[in-house]
């Protein structure tokens, strides 16, 4: 089918064309009060096309696989290309001779029975409710399984495919105290069911909820802050946006003139590792077919590289770093990152708490999409956490805001822990770390 | 999109294991996006969203699935897979379809696909030029223009067959201003449930210039002090505070499961008596409106709070079973890829009797939030946060110096009680609301109002 479409495209003046096909199957099961209240299955195939028409890149995509839709897609692509007036040159990529083989798909996940998956949800619910008398409810208890196949073919001869899958359990426990309810969530991604640790999931959700009971604001002021790993993984992608070459080229990056200079404390390094040992999260090639590579983006505080797609690399006169990704199948290729982590230090979490002495442990930051400007790095965010007193974690804190600037924060990092983990996004991993000072607004 | 014989067969297959209700949602949406930066079109993209979602209810249980394989084979396969989750004999049959012929409340003239591409680019350029202006402080302007034509049909086993056409356009204008190594951004995003004729009804240049003004003014603004103070929130997008802090907690999605702070509060006072709040999906050509909701019920005007008393929740059919309440036309979804649930449409606080001037004058010390940014809320605890995009300190009843970086923090239940003055200048503004059934267009709105004692966070010390 693709050859026919390529021929049709060329006949209509599209000099090079690429098809990106995503096939996605998803299963979601939710349990509430002992009953399956969500059971969702889906099967979807989407085709996206991009092509060069008179040197301009046009994009179009469709979920409608009916007769004649290929032509509609190519016509739309041409119309879109005609609209583009930017003079930035664009190109497609013919591919590598070979790509590393990653084990991104396992047949064991889809082959396990739905009953077993449901049974585990019942077990999670029971375990959460039995954990502590103050745990009164389970707000979310969900299993999710995704299988994705991405195929990219183009008129330059590129022909690649990757099939990947993962499963996850996600649970939220609700604890009730004298002053109202608090919740705590936990998520675990895995490639093989045997790697799922139910007790750890239950413990994390329950302990998080319980620890928040009785939380109160602290006095306003400047605090030394220990940013918990789970919070740091949410800040990291926002910081790293400024290393994306498209943002640099468009003037949206405060790091635009900082290449090869120190932008962070020397204890802080960030590595993109698309060929990760957690191979189900790996990517041997990006969404343009360019082979990915492991690289130190920030090395002991020094910004060593911007990350590039084909388009930004061409503009900058360098090679693509294999960071051309689509935000969704229907989106154009932009710059983004694969599996990325902050290099762990040597201090344990308890060591970090001790090192802070007097200060604040931040376990939650809310409103990142509104209270934080990723361009300027300024933030003022709703936060929760714990007081740190005499080198120990003390009472819970809520309804405060912390304010600062991401780029100042990078310079102010005093220590990096060894307790690396991911958050809701399995592709970002960080340990907890100490920041010299943030402004807190409380009572 | 589908013949009635096939719809009947699919729904029958869905019900054959004891489901008591089955519903097909069919969608075809044409969407296009354009991005205008550096005085040129840098991106142009179009998408066809096409597929069907199938939902089967059995008591309080629900299964949902979707596919873009709309062949008889594909749809029946989906029905069989979902029906297999239940065990039992059929308890109901598919009723004969009655096609809903309610006329549309909305008039659409120039659809996205009838607009010439170069006219779209021209429109984006008008906004770009006005936002860029001549100021050397404006570093970047990015304009996005999107249009959507969504055609949906809802067919259910109780014989409902309802279709809707939703046409929307929206422009996003972002300005980045910079001085002495400091960058500030500002955004405006006017939109409507209209064709491109929408842009004849607004002063696009004025909106673009206002975006520029906000970004430049933030450059010289001082950091907002952090303390508890009275906050005067101006009209329009200020309504995001009610949307996030209270609206979400009134959706059956959280109420039915007993997870909302407003559970069991119907008929009781949850707000200051001057507060009346409404969710209205029927407003002609409003961004969040529809003729029917996404389970095929006609949309409604739902009074949520009247003179401080909680009157209604937003209820969809499935959660309505749990709550023993009727659905009230507010069940929405981003696309067929989401099971529908109760959501807001155009939600606003009604006019009060004060004027904005009176409210400012009556405030000895506080924050005037002229333009709100976004925010979020935890429905379990009711705790919320909102960014203030453009703010000023109020001293002795007068608006003073501009401040930036302010965040408002509190809890929904508390803030409703603490609204003590409401003006008469009700306005609505457009936003995208994200929740379990996806990202949907929603209007927020309110007149200028004052809330006593909110925790204000900022970098300007105490």
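Residue numbers (the numbering used here), protein chains in the order written: chain A, 7 to 449; chain B, -9 to 452. The C-beta atom is built at its ideal place from N, Cα and C for all residues, glycine as well.
Can you list the residues of chain B that residue 375 of chain A reaches, using a CB-CB cut of under 7 Å? Under the 7 Å cutoff, chain B gives 364.
In the DSSP output, what is residue 402 of chain A paired with across the bridge? Per DSSP, the beta-bridge partners of residue 402 of chain A are A/392.
Selected residue, minimal CA-CA separation from residue 342 of chain A, among A/289, A/356, A/199, A/377: Nearest in C-alpha terms to residue 342 of chain A, of all of A/289, A/356, A/199, A/377, is A/289.
When the Cα atoms are used, what is the spatial distance from residue 415 of chain A to residue 303 of chain A? Going by the C-alpha atoms only, they are around 17 Å apart.
Paired residues, beta bridge with residue 150 of chain A - DSSP: In the DSSP secondary-structure assignment, residue 150 of chain A is bridged to A/34, A/174.
Under a Cβ-count criterion, where at least 16 other Cβ atoms within 10 Å of its own Cβ denotes burial, should residue 26 of chain B be classed as buried or exposed? With 16 or more Cβ atoms within 10 Å of its Cβ, residue 26 of chain B is classed as buried.
For residue 146 of chain A and residue 177 of chain A, which I take to be in contact (beta-carbon distance under 8 Å), what is that distance rounded to the nearest angstrom? 6 Å between Cβ atoms; contact.
Classify residue 184 of chain A: buried if its beta carbon has 16 or more other beta carbons within 10 angstroms, exposed otherwise. Taking every protein chain shown into account, the CB of residue 184 of chain A has fewer than 16 other CB atoms within 10 angstroms, so this residue is exposed.
Within the 8 Å Cβ cut-off, does residue 56 of chain B reach chain A? Taking 8 Å as the threshold, the shortest C-beta distance from residue 56 of chain B to chain A falls below it.
Counting only beta-carbon separations shorter than 8 Å, does residue 442 of chain A have a partner in chain B? No, residue 442 of chain A does not count as interfacial toward chain B.
Quick check on residue 309 of chain B: does DSSP put it in helix, strand or coil? Residue state for residue 309 of chain B is assigned as helix, using DSSP reduced to three classes.
What first and last residue would you give for the alpha helix (DSSP H) that runs through residue 238 of chain A? Residues 235 to 246.
Within the continuous alpha helix (DSSP H) that includes residue 212 of chain A, where are the two ends? Run containing residue 212 of chain A: 204 to 218, per the alpha helix (DSSP H) assignment.
Which residues of chain B have a Cβ atom closer than 9 Å to the Cβ of residue 256 of chain A, listed in chain order? Simply 27, 28, 32, 130, 132.
From the DSSP output, in three-state form, read off residue 435 of chain B for me. Strand.
Cβ contact check for the segment 229 to 242 of chain B and the segment 429 to 444 of chain B: 3 or more pairs under 8 Å: The segment 229 to 242 of chain B vs the segment 429 to 444 of chain B: in contact.
Would a check of beta-carbon distances place residue 432 of chain A closer than 8 Å to chain B? Chain B contact via Cβ: absent.
Contact set between residue 71 of chain A and chain B, taken where Cβ atoms lie within less than 8 Å: Per Cβ cutoff of 8 Å: 58, 59.
In the structure shown, what three-state DSSP assignment does residue 121 of chain B receive? Residue state, collapsed to three classes: helix.
Could you give the DSSP three-state label for residue 236 of chain B: helix, strand or coil? Of the three classes helix, strand and coil, the one that applies to residue 236 of chain B here is helix, per DSSP.
Please classify residue 40 of chain A as buried or exposed, where buried requires at least 16 neighbouring CB atoms within 10 angstroms. Exposed.
Could you run through the segment 395 to 428 of chain B and flag, in chain order, every residue whose CB is less than 8 Å away from some CB of chain D? This model lacks chain D altogether, as its protein chains are A and B.
Checking the sheet assignment: what are the DSSP bridge partners for residue 56 of chain A? In the DSSP output, where bridge partners are listed per residue, residue 56 of chain A has A/24, A/65.
Which one of B/41, B/362, B/406, B/217 has the shortest CA to CA distance from residue 226 of chain A? When B/41, B/362, B/406, B/217 are compared, the shortest CA-CA separation from residue 226 of chain A is found for B/217.
According to the Cβ coordinates, are residue 39 of chain B and residue 17 of chain B closer than 8 Å? Their beta carbons are under 8 Å apart, which means residue 39 of chain B touches residue 17 of chain B by this criterion.
Under 8 Å, do residue 429 of chain A and residue 239 of chain A count as touching if we go by C-beta distance? Their beta carbons are under 8 Å apart, which means residue 429 of chain A touches residue 239 of chain A by this criterion.
Residue 158 of chain B - partner residues in DSSP beta bridges: Per DSSP, the beta-bridge partners of residue 158 of chain B are B/138.
What are the start and end residues of each continuous alpha helix (DSSP H) run of 4 or more residues lying completely inside the segment 83 to 167 of chain A, in chain order? Listed in chain order, the complete alpha helix (DSSP H) runs (minimum 4 residues) inside the segment 83 to 167 of chain A are 114 to 117, 120 to 137.
If you compare alpha carbons, which of B/23, B/114, B/367, B/-5 is closest to residue 86 of chain A? Nearest neighbour of residue 86 of chain A by Cα position, chosen from B/23, B/114, B/367, B/-5, turns out to be B/23.
Name, please, each residue of chain B whose Cβ falls closer than 7 Å to the Cβ of residue 11 of chain A. Neighbours of residue 11 of chain A in chain B, taken as residues whose beta carbon is under 7 Å from its own, are absent, since the nearest beta carbon is some 15 Å off.
Under 8 Å, Cβ to Cβ, is there at least one residue of chain A near residue 173 of chain B? Interface residue, yes.
On the three-pair Cβ rule with 8 Å, is the segment 414 to 425 of chain B touching the segment 377 to 384 of chain B? As far as the Cβ criterion goes, the segment 414 to 425 of chain B does not touch the segment 377 to 384 of chain B, which means the pair count is below three.
Please give me, in chain order, every unbroken run of the alpha helix (DSSP H) with length at least 4 that falls completely inside the segment 143 to 210 of chain B. Correct list: 188 to 191, 194 to 210.
Pull up the distance between the alpha-carbon of residue 134 of chain A and that of residue 46 of chain B, whole angstroms please. Their backbone Cα atoms lie some 29 Å apart in a straight line.
With distance defined between alpha-carbon atoms, name the residue in B/123, B/146, B/181, B/377 nearest to residue 90 of chain B. Shortest Cα-Cα distance from residue 90 of chain B to any of B/123, B/146, B/181, B/377 involves B/146.
Cβ contact check for the segment 304 to 318 of chain B and the segment 232 to 242 of chain B: 3 or more pairs under 8 Å: Under the Cβ criterion (8 Å, minimum of three pairs), the segment 304 to 318 of chain B counts as touching the segment 232 to 242 of chain B.
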